[in-house]
Amino acid sequence: MILNSKNAIITGCIQGIGKATLEEFAKNGANIWACALEYNEDFEAYCQKLSDENNIWVKPVYFNLLNQDEIKVGLKKIASDKLPIDILVNIAGMTKDAITHMVTMDQMKLIFEINFFSQIYLTQFVTKLMIRQGYGSVVNTSSISAIDGSYGQLSYSSSKAALIGATKTLSKELASKGVRVNAIAPGVISTDMNKIVPDSIIQENIKKMKIKRLGKADEVAKTILFLASDLSNYITGQIIRIDGGIK
Amino acid sequence: MTNLEKYKNAFCEAFQIEDSKLTGLIYQAIPTWDSVGHMALVAALEQEFDIMMETDDIIELSSFEKGMEILSKNYEIVF
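Protein chains in written order, with this note's numbering: chain E, 1 to 247; chain X, 1001 to 1079.
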């Protein structure tokens, strides 16, 4: 098991890439603080099931990324366990698509708050502990739209691009303290977030891919697993595309 | 352990120095108290006192004595 006895924080665990990562980490022996927006009975049961099946613990932690006080309470709960934190995976995020001149500043700020500022807040807290430990791995979730641009995704692609800058800067600041920081850049992945995208656009994207299909959440999760684990001990400051070779 | 002892321990552990060197110690006066070492100190203080420091306080924490002042004033820690 690749993550045997490592302790990980994963945000955005309710669905999509977050849920797939939660499963992948559990199967690989990690103990997990599974973060989600709000209390959910099914999610509680699911975390318990993962714990029982994999002989690990999965503790649900709830906070709204738009509320710094809530984040703080969640982080204090995690810190109160007084356990090493080996891995932080920032997955939670949202998109609100509109072409440039139809995006309000409030919408921009909302997307940046969730996709960027809250992730930095979490990262600041967790990496302090990692510096003290002398080890740790952070994996951020960016997007190919941050690198290539994406029609109608001004706020989303900009916020995810900011995350790339942060990833590279953090990797430089923290490498000497044993902390690695990388990011993934998923392409078009089959998740609930993409269900709102019209089929014609999906088909258009598939035509541009070398691998002619949408990506799966578990394929993204496996890349996160690699970057979080000791298998990637000599990798930091990298942005890994998971996009089926889209052009 | 008293709060003063906890406070000193955090510094000694974060910077790998003896407590006889703590009085008058200021940020960047020793190689281990650099910007990254500063984060290790903050993490140590947060764990010792079960607090989460605000960013403004982290920035303000510029000396051994200033840290005590901040913890007393903003986190109700009595020395």
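Built from N, CA and C at the ideal position, the CB exists for glycine as well.
Proximity below 8 Å, CB of E:Thr141 to CB of E:Ala183: yes
7 Å CB neighbourhood of E:Pro84 in its chain, flanking five on each side removed: Contacts found: Asn7, Gln133.
X:Thr1055 classed as buried or exposed, judged by whether at least 16 other C-beta atoms fall within 10 angstroms: exposed
Run of the alpha helix (DSSP H) containing X:Cys1012, from where it starts to where it stops: 1003-1015
Span of the alpha helix (DSSP H) around E:Ser137: Element bounds for E:Ser137: not the alpha helix (DSSP H) but the beta strand (DSSP E), 136-141.
Chain E within 8 Å of X:Ala1029, Cβ atoms only: no
CB of X:Glu1060 within 8 Å of CB of X:Met1052, strictly: no
Neighbour flag for E:Leu83 against chain X, beta carbons, 8 Å: no
Near-chain X residues of the segment 153-184 of chain E - C-beta to any C-beta below 8 Å: Glu173, Leu174, Ser176, Lys177
Short CB-CB distance (under 8 Å) between E:Leu129 and chain X: yes
Rounded C-alpha distance that separates X:Phe1011 from E:Thr127: 18 Å
Alpha-carbon to alpha-carbon, X:Phe1015 and E:Ile144: 41 Å
Per-residue contacts from E:Leu75 into chain X (C-beta, under 7 Å): Met1052
Selection from E:Tyr151, E:Gly136, E:Thr191, E:Thr104 that minimises the alpha carbon distance to E:Lys19: Of the candidates E:Tyr151, E:Gly136, E:Thr191, E:Thr104, the one whose C-alpha sits nearest the C-alpha of E:Lys19 is E:Thr191.
DSSP bridge partner residues for E:Lys177 (one or two, in chain order): Answer is none; E:Lys177 lacks a bridge partner.
Boundaries of the beta strand (DSSP E) in which E:Cys35 is found, first to last residue: 31-36
Exposure label - E:Met130; buried when at least 16 CB within 10 Å: When all chains shown are included, E:Met130 counts as buried.
Per-residue contacts from E:Arg132 into chain X (C-beta, under 7 Å): The answer, in chain order, is Ala1040, Ala1043, Ala1044.
Beta-bridge partners of X:Ser1063, as assigned by DSSP: Secondary-structure assignment with DSSP links X:Ser1063 through a beta bridge to X:Ile1026.
Boundaries (first-last residue) of the alpha helix (DSSP H) holding E:Leu75: 68-80
Residue range of the alpha helix (DSSP H) that includes E:Asn205: 199-207
As assigned by DSSP and simplified to three states, the class of E:Ile164: helix
Boundaries of the beta strand (DSSP E) in which E:Asn4 is found, first to last residue: Element bounds for E:Asn4: n/a, residue is neither H nor E.
E:Gly178 and E:Ala98 closer than 8 Å at C-beta: no
Pick from E:Lys172, E:Phe117, E:Val58 that is closest to E:Gln238, judged by C-alpha positions: Checking every option, the nearest Cα to that of E:Gln238 belongs to E:Lys172.
Integer Cβ distance of E:Trp33 from E:Val61, believed to fall under 8 Å: That belief holds up - the Cβ atoms of E:Trp33 and E:Val61 are roughly 5 Å apart, short of 8 Å.
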